[in-house]
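Numbering (the working numbering), first residue to last: -13 to 118. One structure below.
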Amino acid sequence: MSKASKIIQGFFTTLGVIFFILLIVLAYLFIADPFNLRPLYNTLTSPSVITPTSTPGTVNTNTAPKTDNPLLSPAQEQALIKIGVDPAKLPTTITPQMEACFVQTLGQKRVDEIKKGAPPTPVDFFAARACL
């Protein structure tokens, strides 16, 4: 065997080993789901069910927003619902320890804005969810 063919054979053997290791890692990620991506994938691929909000011929006069959490403004509740968070499952009181955690995570300025009614962003919620 010539030197060039040994180099080519070594190159393709190395590529084969890398490909095999990549397949094993992908199989592990698919089976074990360590990043909990399967529920997200299922919600993106499953067909959404559309249900009518009112019966034909009737008008829904109930336009007042239902408040599930007394600490949240309607805009904050809508922002949390858009993120995928049920406002009813959030705490209805904030302890001093929770507030200190929020200040440490988000900063005093952003905490004051949220207290005054500014809707939280997805980044705010996911950064501070450990405080809840």
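Virtual Cβ for every residue (Gly too), placed ideally from N, Cα, C.
Residue from the options whose Cα sits closest to the Cα of residue i
i      : options                     : result
THR107 : THR78, LEU66, LYS101, THR91 : LEU66
LYS68  : VAL109, GLU99, LEU12, GLN90 : VAL109
VAL71  : LYS101, LEU118, LEU23       : LEU118
Helix, strand or coil at residue i [DSSP, three-state]
i        : result
PRO108   : helix
ASP98    : helix
PHE16    : helix
SER32    : coil
ALA50    : Legend: pLDDT at ALA50 = 46, less than 50; position of this residue unreliable, value from coordinates given subsequently. Reduced to three states, the DSSP call for ALA50 is coil.
MET(-13) : coil
THR91    : helix
LEU1     : helix
ILE80    : coil
PRO56    : coil
Own chain residues within Cβ distance below 7 angstroms of residue i, not counting five before or after
i     : result
ALA61 : GLY103, PRO105
PHE5  : none
LEU92 : ASP110, ALA113, ALA114
Beta-carbon separation (whole angstroms), residue i vs residue j, contact threshold 8 angstroms
i     : j      : result
LEU58 : PRO77  : The pair is not a contact, with the Cβ atoms about 11 angstroms apart (cut-off 8 angstroms).
PHE88 : ALA114 : 5 angstroms
Sequence-distant residues of its chain with Cβ nearer than 8 angstroms to residue i (five each side left out)
i        : result
LEU15    : PHE21
ALA(-10) : none
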